[in-house]
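Inspection log for the structure reproduced underneath, given as structure tokens.
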Amino acid sequence: MTALLWLVACTRSGGGAHVEPSFLEVTLGNVDLGTPEAPLPFSSTLAAVPVSVRALDREGAPVDFDGDLSVRVRPGRLGEDPWIQVTDGVWSGTVSIRNGFGPTRIWFTDEGDKDQGTGRAPGWAAGVSPAFHYRFPTLSEMQETTDPETNQLAGEFARVRVDDRRVVVTAREAAGFWVTDLDSPVGSGNNLYVYTFQRPPSEAVVGARLTLLGGIDQEYLASTQISHPTLAFAPDAPVAPPEAAELDACDDPLAVEGLEAARVRLTDAVVPEDFGPGSEAYADYLAYGQWPLVVGNCTWYVESSGAAPDLVAVELAGRTLPRVEGMLKQIFDKWVLVLVDAADLTLPAARPAAPRSAR
Amino acid sequence: MRVVDAVRVSVCMGVLAGATGCVPVAVDGDPPDLSGRAVRMTFLHTSDVHARLFEYDFDPSFTDNQLGLQDDAGPYGGIAEMATILRRERAKAGRALHFDSGDGFQGAIVFNEFAGEAEFRTLSAAGLDGAVLANHEFDAGTENLADQMLANAAYPLLAANYDFQSADLPWATQLEDFVLPTAMYDLDGLRVGVIGMANLSSLNSLEEQLNSLGIRVLEAGDVVPQRASELRDAGADIVVVVSHMGLEWDKEMARQFSGIDLILGGHNHIALDPPLIVVNDATGKEVPVVHSGAFAKFVGRLDVVIQDRRILSHDYHLFAVDRTIPKDPQVEEILDEYRLRLDADYRLDQAIGFAEEQLNRYGSGGGDSPLGNFTAEAMRTFPGIETEIALTNTLGIRADIPQGDITLDTLYNAMPFDNTITTMFLSGREVQELLDYVSFRSSERGCNSQAQVAGLAFTMDCAAHVARDIVVNGAPLDPSGTYELATNNYIAHGGSGFEVLQRNTTQVDTGVSIRDVVQAAIIRYSSLPQAGVCVEDGRIQPVY
Chain G
1 MTALLWLVAC TRSGGGAHVE PSFLEVTLGN VDLGTPEAPL PFSSTLAAVP VSVRALDREG
61 APVDFDGDLS VRVRPGRLGE DPWIQVTDGV WSGTVSIRNG FGPTRIWFTD EGDKDQGTGR
121 APGWAAGVSP AFHYRFPTLS EMQETTDPET NQLAGEFARV RVDDRRVVVT AREAAGFWVT
181 DLDSPVGSGN NLYVYTFQRP PSEAVVGARL TLLGGIDQEY LASTQISHPT LAFAPDAPVA
241 PPEAAELDAC DDPLAVEGLE AARVRLTDAV VPEDFGPGSE AYADYLAYGQ WPLVVGNCTW
301 YVESSGAAPD LVAVELAGRT LPRVEGMLKQ IFDKWVLVLV DAADLTLPAA RPAAPRSAR
Chain B
360 MRVVDAVRVS VCMGVLAGAT GCVPVAVDGD PPDLSGRAVR MTFLHTSDVH ARLFEYDFDP
420 SFTDNQLGLQ DDAGPYGGIA EMATILRRER AKAGRALHFD SGDGFQGAIV FNEFAGEAEF
480 RTLSAAGLDG AVLANHEFDA GTENLADQML ANAAYPLLAA NYDFQSADLP WATQLEDFVL
540 PTAMYDLDGL RVGVIGMANL SSLNSLEEQL NSLGIRVLEA GDVVPQRASE LRDAGADIVV
600 VVSHMGLEWD KEMARQFSGI DLILGGHNHI ALDPPLIVVN DATGKEVPVV HSGAFAKFVG
660 RLDVVIQDRR ILSHDYHLFA VDRTIPKDPQ VEEILDEYRL RLDADYRLDQ AIGFAEEQLN
720 RYGSGGGDSP LGNFTAEAMR TFPGIETEIA LTNTLGIRAD IPQGDITLDT LYNAMPFDNT
780 ITTMFLSGRE VQELLDYVSF RSSERGCNSQ AQVAGLAFTM DCAAHVARDI VVNGAPLDPS
840 GTYELATNNY IAHGGSGFEV LQRNTTQVDT GVSIRDVVQA AIIRYSSLPQ AGVCVEDGRI
900 QPVY
């Protein structure tokens, strides 16, 4: 095996005798790393980091190595092609990174060449930069996006900045709860659903303030949620949750996205006259329990089975509901108000009895 | 100049072995001095294969899709396909180890027929470096486990929290000798210490002092810190726990025990991508907690960078096992032996019925389900059983039955357990207690009913942990009445915490296989669902 690799190493294109490194020494240029006590701000804008990499052999001595190294940043995102090319055992340049949070490091690994056609066998040496210390993102920073179906940290085990903010529970249900950052503007993406799978912890009462919030950041059916959460709550008395935000327009998807997971309200919303057997909305209602409401030119949906299981929505076809409040979630192209209490729904007055002559 | 060879592994089993002469394999000379140097290490991870050695069909969920298992890419799973991924990823790593978090047994007919032989042989052929002992490994008996392990496992089985003590049970002695608490692996100078933590929650008799398995259970708090310390003293650069304790325990261990650097877990059948990161209370160290799914659907790969005996950073990738993955020829050759023997004894692909649509084991709203209702009704009405009511645990049904032909193979995948029907008489008050417990247990699982019933209807109040408005065959429950119940012998013995059944003294184990009863019902109806049969009818109404 050794002889075979020797042969490969000596005959790769580019000529010369080459040796795969055993270690990679990574140094950073003049750059502020932050500290745990004074972290750098979270940023979704790329920052160029000056970096040098030096290849070392098994004894830690510099080695004459030509080849590619892969680059990654954990946690966070890279701004460019995740490969660099090392010549004569060294590389110097910049690596652009964004969305780092907590201790963040840049990795380099010898995984073979980007162009696998060179036939160079990887040596698997690795090196990491010293840690940057970034602040965790606020809910609004985490959800800043131009695409309503994703967010800045989707796919990460995310940590959210809550320790110096008023992030409070706004509602709870059988397998999760909602939170809002009261220190961010309404509609700025300052709300989130926390999926607990089982009954939320007893401390997660409405108005409770979180002191720790982390978990897997995922887009579930196009709604942002934190699953498998790590949680801690302040012992403070619960505060009043925010008032519901009025939903009055649907033509700007990003504006609606900014209210995702917030408590929202519809006023004088109409259940479509044609909502009934044979309609697509009715089929969806039977399958998923969501029923439509129209305000102006916007159609919204309501999920009431948890909070008002006895409600037969189809009996409301053609009626106007004075008030509906719920937690806003996105299900692909639909926006759905999830009722958490039967009192969130004000039903229309009973239909007046028809005149005797009309019976 | 020197060319680095492929890294090889020496396994030194047990801390004592490590301390008394486990010699690292030198690669072109002595291992390098790793102090102050960053080193990459790759962990390949599987768990809860549950005998899905042969590929199978099912309808991936949205979560499966998100994790990379695409619709219409079936059949899925298969140990030969997993082996291909494992060898491919091992080839794309330097220092690499593959650990399995247990429950390789139980879940398909190959286990019912060969009692774990095929699982041990194929996992060994796939290059597994170590596995934790898990609850379903005991499903064909402890003696069987010992025999199969000694004959067929080419990797160490680990369980630091089991003490096999009983001198009266010969297999306990065998397990004491061969199930290790820890293992040490040396990879070109990097020493990885591993602690196995076996399951506590799913073996009924484990809690009892002199249990029938001959096992004395040790507290995690007594085991993990001590073993981690021993491994560190023996030179481990990092300490890994390979666990079948379940996710909540894994999180607790990471939070409480400062000696742990990484947990590779199983038991809950979940895939976490990315892994959880748990901050240790005492040190602030961030500990990755990895779960890589179940039923041979995924293979996990965790790359870590280690420097000065600490994990500095990690990156995780989950690989879906589907039909795009070629079969590993070495493992496939072993599987062929079992395939031929199964084909000779059964006609696994013969249709016994037809599913007009997928028959789900969970209800759409968290209550009763089509397959649950069908199973409970089949139990209650089977000739010779004929009880007033039936109740079985939802988790006893392990998979949905996909749309299309229902074959013996799909039936075994859905109902792998060899459980039998137990009948007993319950008072009305005991029925109330039973359904209250179902409500409590379900409330801890998102108010998804953990039982399926026949002859009963009730409102499952997950907030109050009580069952309300209980109706028995159309009449309100009479607290003073007496009702005959058909249930499965697992929960009749107190499995899943059903103590109200365990203490009942009128139990009769009929010996009638639940799977056989369901098979007979499928054959009788031929096509499912039908009006009132194998449909969700709201007999369990969850509220929360």
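Protein chains in written order, with my numbering: chain G, 1 to 359; chain B, 360 to 903.
Beta carbons: idealized from backbone N, C-alpha and C, even for Gly.
| task | Quick one: give me the first and last residue of the alpha helix (DSSP H) that S728 of chain B is part of. | result | In the second sequence, counting from the first residue as 1, residue 728 of chain B sits at position 369. Counting along the chain, S728 of chain B falls outside any alpha helix (DSSP H), and DSSP gives it neither H nor E.
| message | Please confirm whether A452 of chain B has its beta-carbon closer than 8 Å to some beta-carbon of chain C. | response | Included in the structure are the protein chains G and B, with no chain C among them.
| query | Of all the residues that make up the region 776–810 of chain B, which are near chain G by a beta-carbon distance shorter than 7 Å? | reply | S802, E803, R804, G805 and C806
| message | Cutting at 7 Å between CB atoms, please list the residues of its own chain near N99 of chain G, excluding the five before and the five after it. | response | In the first sequence, counting from the first residue as 1, residue 99 of chain G sits at position 99. These residues qualify, in order along the chain: S44, G76, R77, Q152 and L153.
| query | Whose C-alpha, out of B:L590, B:Q717 and B:H676, is nearest the C-alpha of G763 of chain B? | reply | Taking the first residue of the second sequence as position 1, residue 763 of chain B is located at position 404. Ranking B:L590, B:Q717 and B:H676 by Cα distance to G763 of chain B puts B:Q717 first.
| said: Looking at chain G, is there any beta carbon in it that lies within less than 8 Å of the beta carbon of V398 of chain B? | reply: Here residue 398 of chain B refers to the residue found at position 39 when the second sequence is read from its first residue. Output row for V398 of chain B: interface = yes.
| request: Using a Cβ cut-off of 7 Å, pull out every chain B residue sitting near A126 of chain G, in sequence order please. | output: In the first sequence, residue 126 of chain G corresponds to position 126, counting from 1. Per Cβ cutoff of 7 Å: A397, V398, R399 and V664.
| Can you tell me whether F654 of chain B is buried or exposed, with buried defined as 16 or more other CB within 10 angstroms of its CB? | For the purposes of this step, residue 654 of chain B is taken as residue 295 along the second sequence, with counting starting at 1. Classification of F654 of chain B: buried, given that the 10 Å Cβ count is 16 or more.
| task | Pull up the distance between the alpha-carbon of L569 of chain B and that of V859 of chain B, whole angstroms please. | result | What you label residue 569 of chain B is simply residue 210 of the second sequence in a count that begins at 1. What you label residue 859 of chain B is simply residue 500 of the second sequence in a count that begins at 1. Because L569 of chain B sits at a pLDDT of 49, beneath the cut-off of 50, its placement in the model cannot be relied upon, and the following sentence gives the value as read from the coordinates. Spanning the two alpha carbons is a distance of roughly 22 Å.
| request: Go ahead and label G486 of chain B buried or exposed: buried means 16 or more other beta carbons lie within 10 angstroms of its beta carbon, across all protein chains shown. | output: Numbered from 1 along the second sequence, position 127 holds the residue referred to as residue 486 of chain B. Classification for G486 of chain B: buried.
| Hey, how far is the Cα of M400 of chain B from the Cα of T818 of chain B? | One-based indexing of the second sequence puts residue 400 of chain B at position 41. One-based indexing of the second sequence puts residue 818 of chain B at position 459. So the two alpha carbons sit approximately 52 Å from each other.
| field | Near-chain G residues of the region 624–642 of chain B (beta-carbon distance less than 9 Å), N- to C-terminal order | value | Taking 9 Å as the cut-off between beta carbons, the residues of the region 624–642 of chain B near chain G are I629, L631, D632, P633, P634, L635, I636, V637 and V638, in sequence order.
| Counting only beta-carbon atoms, is E216 of chain G nearer than 8 Å to chain B? | Locating residue 216 of chain G in the first sequence gives position 216, counting from the first residue. Strictly speaking, residue 216 of chain G in this sequence is Ile, with Glu absent from that position. Yes, I216 of chain G lies at the interface with chain B (some Cβ there is under 8 Å from its Cβ).
| Are the C-beta atoms of A234 of chain G and some chain B residue less than 8 Å apart? | Position 234 of the first sequence holds residue 234 of chain G. Taking Cβ atoms only, chain B never reaches closer than 8 Å to A234 of chain G, which makes this a no.
| If you check the beta carbons only, do R161 of chain G and P122 of chain G fall under 8 Å apart? | Residue numbering aside, residue 161 of chain G sits at position 161 when the first sequence is read from its first letter. Residue numbering aside, residue 122 of chain G sits at position 122 when the first sequence is read from its first letter. For R161 of chain G and P122 of chain G, no; Cβs fall outside 8 Å.
| request: Using DSSP bridges, identify the partner residues of A813 of chain B. | output: Walking along the second sequence from the start, residue 813 of chain B turns up at place 454. Per DSSP, B:A749.
| task | Taking only runs that begin and end inside the region 79–113 of chain G, name each unbroken beta strand (DSSP E) of 3 or more residues, in chain order. | result | 83–86, 90–98 and 102–109
| task | Check whether the Cβ atoms of L694 of chain B and T481 of chain B sit closer than 8 Å, and answer yes or no. | result | For this step, residue 694 of chain B is matched to residue 335 along the second sequence. For this step, residue 481 of chain B is matched to residue 122 along the second sequence. Closer than 8 Å, so yes.
| said: Can you pull the chain G neighbours of Q861 of chain B, defined as C-beta to C-beta under 7 Å? | reply: In the second sequence, counting from the first residue as 1, residue 861 of chain B sits at position 502. Within 7 Å Cβ-Cβ: nothing; Q861 of chain B doesn't reach chain G, min ~24 Å.
| field | Simplified DSSP assignment, three categories, for G117 of chain G | value | For the purposes of this step, residue 117 of chain G is identified with residue 117 of the first sequence, where counting begins at 1. Three-state result, G117 of chain G: helix.
| query | Out of B:S872, B:R804, B:I756 and B:V680, which has the shortest C-alpha to C-alpha gap to A432 of chain B? | reply | Looking up residue 432 of chain B in the second sequence gives position 73. Closest option to A432 of chain B, Cα to Cα, is B:V680.
| Entirely enclosed beta strand (DSSP E) segments - the region 476–551 of chain B, minimum 3 residues | 489–491, 521–523 and 541–546
| Span of the alpha helix (DSSP H) holding A281 of chain G? | By one-based count along the first sequence, residue 281 of chain G stands at place 281. Run containing A281 of chain G: E280 to Y288, per the alpha helix (DSSP H) assignment.
| field | Every unbroken beta strand (DSSP E) inside the region 303–352 of chain G [3 residues or more] | value | 320–331 and 334–338
| Which first and last residues belong to the alpha helix (DSSP H) in which T769 of chain B is found? | Numbered from its first residue, the second sequence carries residue 769 of chain B at position 410. Membership of T769 of chain B in the alpha helix (DSSP H) is indicated by the continuous run L767 to A773.
| Of all the CB atoms in chain G, is at least one closer than 8 Å to the CB of S672 of chain B? | Sequence index remark: in the second sequence, residue 672 of chain B carries index 313 (1-based). Yes, because at least one Cβ of chain G sits closer than 8 Å to the Cβ of S672 of chain B.
| Does DSSP classify L254 of chain G as helix, strand or coil? | Counting from one through the first sequence, the residue named residue 254 of chain G turns up at place 254. Helix at L254 of chain G.
| Cross-strand partners of W291 of chain G (DSSP beta bridge) | By one-based count along the first sequence, residue 291 of chain G stands at place 291. Partner(s): G:V302.
| query | To the nearest angstrom, how far is it from the Cα of G119 of chain G to the Cα of D113 of chain G? | reply | Mapped onto the first sequence, residue 119 of chain G falls at position 119. Mapped onto the first sequence, residue 113 of chain G falls at position 113. Each residue's alpha carbon lies about 8 Å from the other.
| task | Assign L286 of chain G to one of two classes, buried (16 or more other C-beta atoms within 10 Å of its C-beta) or exposed (fewer than that). | result | Along the first sequence, one-based indexing puts residue 286 of chain G at 286. Exposed, since its Cβ has fewer than 16 Cβ neighbours within 10 Å.
| said: Strictly under 8 Å for the Cβ-Cβ distance: is P62 of chain G near chain B by that measure? | reply: The residue labelled residue 62 of chain G in the question sits at position 62 within the first sequence. Not a single CB atom of chain B sits nearer than 8 Å to the CB of P62 of chain G.
| message | Give me the residue from B:G500, B:V553, B:L767 and B:Q811 with the minimum Cα distance to Y796 of chain B. | response | As a first step, residue 796 of chain B must be located in the second sequence, where it is residue number 437. The candidate whose alpha carbon is nearest that of Y796 of chain B is B:Q811.
| task | At 7 Å on the CB atoms, spell out the chain G contacts of V902 of chain B, in chain order. | result | As a first step, residue 902 of chain B must be located in the second sequence, where it is residue number 543. In chain order: P309.
| message | For F678 of chain B, which residues in the same chain have their Cβ closer than 6 Å to its Cβ, ignoring the five residues on either side in sequence? | response | Translated into the one-based positions of the second sequence, residue 678 of chain B becomes position 319. Cβ within range, chain order: I444 and V658.
| For the region 22–75 of chain G, which segments carrying the beta strand (DSSP E) assignment without a break, of at least 3 residues, lie completely within its bounds, in sequence order? | 23–28, 47–56 and 67–74
| Residues of the region 417–429 of chain B whose Cβ lies closer than 9 Å to any Cβ of chain G, in chain order | So the list reads F421, T422 and Q425, given in the order they occur along the chain.
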